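Colleague:
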Amino acid sequence: MIKKTLPLLITAALVAGCQQQATVPMAGAPQSVVVPQQPVSVASWLASSQMPKMVDQPLSAEEVAYVLRKTGFEPAPDEVQPWVGRTRSALVKYLISGLSAEAVIPQPDWTRESVRYWGHGEWPESRRAAFRSARQQEIGGLRQWWLGQMLATPSPMGERMVMFWENTFVAGFSGLDEKSHAQWYHHETIRRHATGSYLDLLAAMLRDPAVLIYLDNNNNRKDAPNENLARELLELYTLGESNYTEKDIKESARALAGWHVSEFGDLSFQANEWARDRSRKTIFGKRGNFNGDDMAELILAHPQASQHVSRRLWQEFVSSEAPPAEAIEAYADAFVASGYRIDALLEVMLNSAYFWDPAYRATSVKSPAELMVGAIRASKQPTMSLQQIDSALSAMGQTLFDPPDVSGWGYGEYWLDPAYLIEREVAMNSLSEGEQMMEAPRVNTMANPNSLMLKLAGEAYNGPPQYRVELVHDGGQRWSSKSHTLTAARDTERLGRYKDESEWVWENQSIELPAEIKQLETVGVRFLYDAAGNGGDRNLFVGGIEWQGQYFPGTAGVQTPGCGSDREGAKRHPDRLYCAGTTQLDWQALTRLAMQQNQPPADITDADLVTRELALLWFKPPSEGGWQGVDLMFDGLSFEGREWDYFGFKFAKDERGHYMISVDEERCQPACFSKWPRD
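Each residue of the sequence shown is one higher than the last, beginning at 0 in numbering that gives the first Met the number 0.
1. At a Cβ threshold of 9 Å, is T491 touching chain B?
2. Touching or not, the region 626–635 and the region 608–618, by the rule of three or more beta carbon pairs under 8 Å?
3. Going by DSSP, what residue range makes up the alpha helix (DSSP H) through R85?
4. Can you tell which of H119, Q143 and F130 has its C-alpha closest to the C-alpha of Q106?
5. Give me the Cα-Cα distance between L455 and S673, rounded to the nearest whole angstrom.
6. Inspect the beta-carbon positions of L370 and L345 and report whether they are closer than 9 Å.
7. What would DSSP say about Y359, mapped onto helix, strand or coil?
8. Residues in its own chain within less than 6 Å of G647 by CB, not counting five upstream and five downstream?
9. I think D680 touches G628, with their Cβ atoms under 8 Å apart; what is that distance to the nearest whole Å?
10. Report yes or no: do the region 490–506 and the region 131–138 share at least 3 C-beta pairs separated by less than 8 Å?
11. For T582, report the span of its beta strand (DSSP E) as first-last.
12. Which ranges would you report for the beta strand (DSSP E) in the region 285–326 if only whole runs of at least 3 residues count?
13. When you compare only the Cα positions, how much space is there between L494 and E328?
14. Just list the residues that DSSP pairs V522 with in beta bridges.
15. Is the separation between the beta-carbon of T521 and that of L470 shorter than 9 Å?
16. Please specify which runs of the beta strand (DSSP E), each continuous and at least 3 residues long, are wholly inside the region 602–639, giving them in chain order.
17. Could you give the first and the last residue of the continuous alpha helix (DSSP H) run that contains D644?
18. Helix, strand or coil: which one does DSSP assign to Y658?
19. With H, G and I counted as helix, E and B as strand and the rest as coil, what does DSSP make of E664?
20. Suppose the cutoff is 7 Å on Cβ atoms and the five residues either side in sequence are ignored; what does the same chain contact list for Y658 look like?
21. Thinking just about the alpha-carbon of each residue, which of N428, S406, G396 and A89 is nearest to the one in P417?
22. Do I212 and G174 count as a contact pair if the criterion is CB distance below 9 Å?
23. By the three-class DSSP mapping on this structure, what secondary structure does E545 have?
24. Would V364 pass as a contact of L415 if the rule is Cβ separation under 9 Å?
25. Which whole runs of the alpha helix (DSSP H) in the region 120–208 are 4 residues long or more, in chain order?
26. Quick check on L98: does DSSP put it in helix, strand or coil?
27. Short check: CB of M53 to CB of W505, under 9 Å?
28. Examine the Cβ distances between the region 563–577 and the region 588–602 and report whether three or more of them are shorter than 8 Å.
29. Which residues in the same chain as N242 place their Cβ atom closer than 6 Å to its Cβ, once the five residues preceding and following it in sequence are excluded?
30. On the DSSP bridge list, what partners appear for E458?
31. Are S48 and D342 close, meaning C-beta to C-beta below 9 Å?
32. By a C-beta neighbour count over all protein chains shown, 10 Å radius and 16 as the cutoff for buried, is Q148 buried or exposed?
33. Report the start-end ranges of each alpha helix (DSSP H) in the region 364–402 that is 4 residues or longer and not cut off at the edges.
34. So what does Y550 bridge to, in DSSP terms?
35. Note down the Cα distance separating R279 from I660, rounded to an integer number of angstroms.
36. Quick one, are the C-beta atoms of D389 and G139 less than 9 Å apart?
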């Protein structure tokens, strides 16, 4: 904790908003879709529609398996058998009535914690490295959490819809500046809307921090428009290529100007008034004072919006082959009539003759996630850990939460690349051989208080990395574990090195310590048997170590001896063992430091300013006769009974030698002052 007392001289500026103007239709605009004031039920739409309907007949085992596979994952025999002899309509009703994208596994603990994504400029490299590593470990864990959802869900179709929208509204982690919480919020928002209102989903995506960061809309402002989000919104997210004009993109970018992400505090949407363009715009031939909140309805009024979703869902659930035009027209009509209900569109698709047409069977290629999750669900014998599945998906070209680009993963032939096919065979062989499941259990400190939990990742070459734990404990006594092996290290000889740290597959391995170990002094993870060659490299990465509720990252350690050719690298990244050696943590010193940081000063009074940290955001060094300035932010602040999550201010000296302090309302949470001072 930092204790500061500062006098404040305040200058403040208030910005007034402007009212929106009415929308004016323009000549030559696309024919707008008319959404009924009262949505039409699926039953009513089917009764009046000329769309070819499915023939409602008893189901064979082959047909049941086909439908469950198409709409979800490969079914187990006991999922198929109850439906044999029952009607198609009964199965469709069952799938739709049980449709849910709700998570069945508790969300990861870190998603509930606040993380400071600002004010890192003055941090030492070791602290910045620890921060980056923690965020990347969180994403690695989130991939495995999602795989657990896919394996456990009672609604495979709901989970497929989560995958579908993640592959539509792409916001990959590699483009989020290490903001793991933005990735979680994005995924959580998709889950919430995955089978409900498409209008609500689209509106939420336009305020989604991950989308706004990934497509650079934080840089979109009135005086310097950035068109990235506007372009991908129309081309990839909602309408498809050639269904808009360059003017539509430019005007949409203007509407989205100022749609930013908060710079301080928890990641959230923020409409920055100073960056907004409040002038009139013409989008799809309609003229008005549009902003980002108008874009969803403007897009849905475009006739191609409903068809674009229908085409993509055809690829997802029917076939990689081109759909008949009349099928897409029927689906789109039903989608609009329902008031853009996603579940209604799915129900219409499953009731159509096109879905059941034998001509479209065996015309799709499973994504790696569908392949692996389906195989394990069907066998009901989990012969691979979540970490191993995660590693296999990456090898097959599907790193969850990080598609190759904004266009996402493809369909059909996209997955038939020869390199991917080889990895499919490797993965299926691993499953069929029934490898023993190696996933470590969670530590139970009540039953086994002396378990040491390690978070490790690695790269394999001529075999996976092996390691040993080495301790100094209880007055200098030494203890070493037996050697252990990683189970999900990337085979660099076959696949090459990891391209990015966020791709690392983290394994939680539990090491049981003898009962006589009561006090740890140092903890070391020794990397054994380094190997390298022209074909690859064997490496070990230490994410962190936990014992009796105390966790420290590998970046807090020291690496010895380090690679002879890169001693500085060992200092910068003590957690990355590229050569045989040890990452060692001084457990006693780290524990003392953690206790000191969590212990507030004893002599605090209400007259003191108390903060976790005073962060330097910007500094203009002195210059002869010029301005001097410093931009500071309290990370947490208490003063006279009030508390702030953050409180920023600027201190400057002008060319006349006058000193000024300014406080901006947008840089405080909650409000800077209960009552603003007057001039």
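By construction, the Cβ of each residue, glycine as well, lies at the ideal position given by its N, Cα and C atoms.
Since this is a predicted model, take the numbers as computed values, not measurements.
Modeller: According to the structure shown:
1. The displayed structure is made up of one protein chain only, and chain B is not part of it.
2. A contact between stretches requires three or more CB pairs, one per stretch, nearer than 8 Å, and the region 626–635 meets this requirement with the region 608–618.
3. Here residue 85 corresponds to residue number 86 of the sequence shown, with the count starting at 1. No alpha helix (DSSP H) contains R85, which DSSP labels as neither H nor E.
4. By one-based count along the sequence shown, residue 106 stands at place 107. Nearest of H119, Q143 and F130 to Q106, Cα basis: Q143.
5. As a first step, residue 455 must be located in the sequence shown, where it is residue number 456. As a first step, residue 673 must be located in the sequence shown, where it is residue number 674. Using only the alpha carbons, I get a separation of about 48 Å.
6. Taking the first residue of the sequence shown as position 1, residue 370 is located at position 371. Taking the first residue of the sequence shown as position 1, residue 345 is located at position 346. Their beta carbons are not under 9 Å apart, which means L370 does not touch L345 by this criterion.
7. To locate residue 359, count along the sequence shown from 1; it is residue 360. In the three-state scheme derived from DSSP, where H, G and I count as helix and E and B as strand, Y359 is classed as helix.
8. Mapped onto the sequence shown, residue 647 falls at position 648. Result list for G647: M632 and R666, in chain order.
9. Look at the range of the chain in this structure, 0 to 678, and you will see that residue 680 is not part of it.
10. Counting Cβ pairs under 8 Å, three or more are found: they touch.
11. For the purposes of this step, residue 582 is taken as the residue at position 583 of the sequence shown. G580 to D585 is the extent of the beta strand (DSSP E) around T582.
12. Runs of the beta strand (DSSP E) inside the region 285–326: 285–287.
13. Locating residue 494 in the sequence shown gives position 495, where the first residue counts as 1. Locating residue 328 in the sequence shown gives position 329, where the first residue counts as 1. L494 and E328 have their C-alpha atoms roughly 43 Å apart.
14. If you number the sequence shown from 1, residue 522 lands on position 523. Under DSSP, V522 shares a beta bridge with L470 and L584.
15. By one-based count along the sequence shown, residue 521 stands at place 522. By one-based count along the sequence shown, residue 470 stands at place 471. Between T521 and L470, the CB-CB gap stays under 9 Å.
16. Taken in chain order, the complete beta strand (DSSP E) segments of 3 residues or longer contained in the region 602–639 are 608–610, 612–619 and 627–638.
17. Within the sequence shown, the letter at position 645 stands for residue 644. Premise fails: D644 lies in the beta strand (DSSP E), R641 to K652, not in any alpha helix (DSSP H).
18. To locate residue 658, count along the sequence shown from 1; it is residue 659. Residue state, collapsed to three classes: strand.
19. The count along the sequence shown starts at 1 and reaches residue 664 at position 665. Helix, per DSSP.
20. Mapped onto the sequence shown, residue 658 falls at position 659. Counting only residues of its own chain and dropping the five nearest sequence neighbours on each side, Y658 has a CB closer than 7 Å to the CB of K652.
21. For this step, residue 417 is matched to residue 418 along the sequence shown. Closest option to P417, Cα to Cα, is G396.
22. Along the sequence shown, read from residue 1 onward, the residue named residue 174 stands at position 175. Along the sequence shown, read from residue 1 onward, the residue named residue 212 stands at position 213. Against a cut-off of 9 Å, the Cβ pair of I212 and G174 comes out as a contact.
23. Here residue 545 corresponds to residue number 546 of the sequence shown, with the count starting at 1. The answer is strand: DSSP assigns E545 an E or B state.
24. The sequence position of residue 364 within the sequence shown is 365, counting from 1. The sequence position of residue 415 within the sequence shown is 416, counting from 1. Taking 9 Å as the Cβ cut-off, V364 and L415 qualify as a contacting pair.
25. DSSP runs (the alpha helix (DSSP H)) wholly in the region 120–208: 124–151, 155–165, 179–192 and 197–204.
26. Numbered from its first residue, the sequence shown carries residue 98 at position 99. Coil.
27. Working through the sequence shown from its first residue, we reach residue 53 at position 54. Working through the sequence shown from its first residue, we reach residue 505 at position 506. It is not a contact, given that the beta carbons lie outside the stated cut-off.
28. As far as the Cβ criterion goes, the region 563–577 does not touch the region 588–602, which means the pair count is below three.
29. Taking the sequence shown and counting its residues from 1, the one referred to as residue 242 is at position 243. If we look at N242 and ignore the five residues flanking it on each side, its Cβ neighbours are Q303.
30. As a working mapping, residue 458 is identified with position 459 in the sequence shown. Assignment of beta-bridge partners to E458 by DSSP yields R489 and N538.
31. For this step, residue 48 is matched to residue 49 along the sequence shown. For this step, residue 342 is matched to residue 343 along the sequence shown. It is not a contact, given that the beta carbons lie outside the stated cut-off.
32. Indexing the sequence shown from 1 puts residue 148 at position 149. That one is buried.
33. As far as the region 364–402 is concerned, its whole alpha helix (DSSP H) runs of at least 4 residues are 367–378 and 385–394.
34. For this step, residue 550 is matched to residue 551 along the sequence shown. Residue pairing of Y550 in beta bridges, as defined by DSSP: E545.
35. As a first step, residue 279 must be located in the sequence shown, where it is residue number 280. As a first step, residue 660 must be located in the sequence shown, where it is residue number 661. Answer to the nearest angstrom: the Cα atoms are 37 Å apart.
36. On the sequence shown, residue 389 is found 390 positions in, with the first residue counted as 1. On the sequence shown, residue 139 is found 140 positions in, with the first residue counted as 1. Cβ distance < 9 Å, so D389 and G139 count as in contact.
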